[in-house]
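S.K.: Please find one structure pasted underneath; my questions will follow.
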Amino acid sequence: MTLPLHHPDDRHLFGYASGQERAGKSLLVATHLAYCPDCRRRVASFEALCGNWFEELPCPDHDGLDGLLDRMDGLLAGSPMPAEVARPRQAAATGERLVPEPLRGWLPEAIDTPTDDGRWQEISKGVWLSGWERTLSGTTIRLLRMASDAPVPAHRHTADELLLVLRGAFSDEYGSYSVGDVAHYVAATDHHARGASEEDCICLFLLDGDLIFLDEDGNSL
């Protein structure tokens, strides 16, 4: 299996490791970890080492989380990881199923069959959202499905959007994303995604706010 090239940022990994991340984003991070040994090592490092670091790392109010993460990077680079941390946990086996745990346990079993259109709502030609939906800590969670070369309607974000690729691939103006990759878009970002694989691309889709749909000139509809 090809390893992911795009990962959750350190704020999400650290929030997950410390138990402070919002529940919806923690579900995405935990599912990404099933694909990504590098992020499993990084999360395990935060879990195993940050307890001692807090006593060693003064973090003035003006420095905030960015300063803390910079200091953690310095300590990770300057000291060897304990063996139990450096050894990655076994990745979840996906077999022929669409998704690994922990996400699999949240989904209706039939959602693993992407051709079952009765469980999908078409929002434009070749683009669907799952009928399945959850809201956790203010984050809306669904699945997004894109047929090969099908464009998602152009839109602008008013808050964070996160996508985790579960099958296939998609591309946009920021890069190309395949299985296990995470794409993160912040408020005021314009987004033009398109399916980029022969099979349908299916993503875990997290949205914190509304989307503003755009016309061909980039104006709101």
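My numbering puts the sequence shown at residues 7 to 227.
Beta carbons: idealized from backbone N, C-alpha and C, even for Gly.
1) Measure the C-alpha to C-alpha separation of A54 and P108 and round it to an integer number of angstroms.
2) Keeping to the same chain, check which residues put their C-beta closer than 7 Å to that of Q127; ignore five residues upstream and five downstream.
3) Can you tell me which of F211, H12 and D216 puts its alpha carbon nearest to the alpha carbon of G30?
4) Provide the residue span of the alpha helix (DSSP H) that contains R17, from first to last.
5) Using the Cβ count rule (16 or more neighbours within 10 Å means buried), how would you classify R140?
6) Per DSSP, which residues does I218 bridge with? Please list them.
7) Is the separation between the beta-carbon of V171 and that of H13 shorter than 7 Å?
8) Would you mind sorting D155 into buried or exposed? The rule is 16 or more other CB atoms within 10 Å of its CB.
9) Going by DSSP in three states, T195 sits in which element: helix, strand or coil?
10) In chain order, what residues of the same chain lie with their CB nearer than 7 Å to the CB of A202, ignoring the 5 residues before and after it?
11) Helix, strand or coil, according to DSSP, for W112 in the structure here?
12) Which term fits T37, buried or exposed, when burial requires 16 or more other beta carbons within 10 angstroms of its beta carbon?
13) In this structure, how does DSSP classify G291 when only helix, strand and coil are distinguished?
14) Would a C-beta distance cut-off of 7 Å place H163 and Y191 closer than the cut-off?
15) For D206, count neighbouring C-beta atoms within 10 Å of its own C-beta (all shown protein chains included) and say buried if the count is 16 or more, exposed if not.
16) Suppose the cutoff is 7 Å on Cβ atoms and the five residues either side in sequence are ignored; what does the same chain contact list for I218 look like?
M.R.: If we stick to the structure as given:
1) 22 Å
2) Once the five neighbours on either side are set aside, the close Cβ partners of Q127 are W134, L135 and G137.
3) F211
4) D16 to S24
5) exposed
6) R162
7) no
8) exposed
9) coil
10) Answer for A202: A175, F176, S177 and S182, listed in chain order.
11) helix
12) buried
13) No information on residue 291 is available, as it lies outside the stretch 7 to 227 that the chain covers here.
14) yes
15) buried
16) Here I218 has H161, R162, T164 and S226 as same chain residues with Cβ atoms under 7 Å from its own Cβ, once five neighbours each way along the sequence are excluded.
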